[in-house]
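Numbered by mature numbering (1 follows the signal peptide of the UniProt record, and there is no 0), the letters in the sequence shown go through residues -21 to -1, 1 to 235 in order. Scroll down for the structure; my scribbles are underneath it.
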Amino acid sequence: MLKHFTISVVGLLSLLGVAQAGEVQVAVAANFTAPMQKIAAMFEADTGHKAVLSFGSTGKFYAQIRNGAPFDVLLSADDTTPAKLEQEGRGGGGKDHRYTYAIGTLVLWSRQPGLVDAKGEVLRSGQFDKIALADPRLAPYGAAAVEVLTALGLLDALKPKFVQGQSIGQTHQFVATGNAALGFVALSQVWAPDEQGGKLKEGSVWRVPARLHRPIRQDVILLKTGRDNLAAVAFMQYLRGEKARAVIRSFAYGLD
């Protein structure tokens, strides 16, 4: 009888755990695709909650959220978009509902070894057909790329060679497939984490000095639609935890 009672309690607790598990709809800036996929799997394993992920440009997500898209959380590629959503009354409010989850690094990358030098002088040589960057109106990494070229005095000279992606993910694809010889992407997209600190996956790269553009502070915000969603609140807490932060570091992002 006691054995039966014990099994029943365990079964009841199991059922309660299933009942409490939920889903959180997360809009994720394209540069954060790889680390977010890893963090989402860990989040589900550790909490039972499922993070349903959508990847794209910050600008497009902003427009979709304003038009009623049912996202609970936005991981932006900047800090201005979440601030704007909050000012418009679309934030969820409460403690820690908006914070910087990562600080991005802009790089100039090519699949071709040796094409991009360690100082970015290839930009002045002009010895390439196309250069890819994300649409600066939609993607903060694209806006940063324009700031870099402006600071170097090369914007007007290189404009005829531009191939613009709608997101940093599409921009990476342009270079990866050879549609552009080189392009401005996020370091995390071309970085392979390992136990020694990581390495470039392939090709050649220039890490753009931070002084050439505004810091790429990437903020997350709990949206009004996710305010009463326990899974969304749990996700916001999980993203600040050490396990998630370790993944973020491994993909060459900075942290506050």
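We treat Cβ as the ideally placed atom computed from N, Cα and C, and that holds for glycine.
So is residue i buried or exposed if we call it buried at 16+ other beta carbons inside 10 Å?
i: residue 51; result: buried
i: residue 110; result: buried
i: residue 193; result: exposed
i: residue 25; result: exposed
i: residue 89; result: buried
i: residue 77; result: buried
i: residue 19; result: buried
i: residue 112; result: buried
i: residue 139; result: exposed
i: residue 73; result: exposed
i: residue 234; result: exposed
i: residue 155; result: buried
i: residue 31; result: exposed
i: residue -2; result: exposed
Quick one: give me the first and last residue of the beta strand (DSSP E) that residue i is part of.
i: residue 198; result: 195 to 201
i: residue 248; result: Residue 248 lies beyond the stretch modelled for the chain, which goes from -21 to 235, so this question has no answer here.
i: residue 229; result: No beta strand (DSSP E) contains residue 229, which is instead part of the alpha helix (DSSP H) from 221 to 229.
i: residue 64; result: Per DSSP, residue 64 belongs to no beta strand (DSSP E); it is in the alpha helix (DSSP H), 59 to 66.
i: residue 78; result: 77 to 83
i: residue 162; result: 161 to 165
If you draw a straight line from the C-alpha of residue i to the C-alpha of residue j, how long is it?
i: residue 105; j: residue 81; result: 33 Å
i: residue 66; j: residue 134; result: 33 Å
i: residue 116; j: residue 198; result: 18 Å
i: residue 121; j: residue 58; result: 15 Å
i: residue 6; j: residue 69; result: 14 Å
i: residue 27; j: residue 208; result: 14 Å
i: residue 216; j: residue 167; result: 23 Å
i: residue 60; j: residue 45; result: 11 Å
i: residue 62; j: residue 195; result: 14 Å
i: residue 136; j: residue 126; result: 14 Å
i: residue 142; j: residue 103; result: 18 Å
Report yes if the C-beta distance between residue i and residue j is below 8 Å; otherwise report no.
i: residue 249; j: residue 147; result: Outside the shown range of the chain (-21 to 235) lies residue 249, about which nothing can therefore be said.
i: residue 3; j: residue 225; result: no
How is the alpha helix (DSSP H) around residue i delimited, first residue to last?
i: residue 4; result: Element bounds for residue 4: not the alpha helix (DSSP H) but the beta strand (DSSP E), 2 to 8.
i: residue 128; result: 119 to 130
For the structure I just gave you, are there three or more beta carbon pairs, one from the segment 30 to 42 and one from the segment 153 to 167, closer than 8 Å? A contact between stretches requires three or more CB pairs, one per stretch, nearer than 8 Å, and the segment 30 to 42 fails this requirement with the segment 153 to 167.
Sufficient close CB pairs (3 or more, under 8 Å) joining the segment 78 to 95 to the segment 182 to 192: These segments touch.
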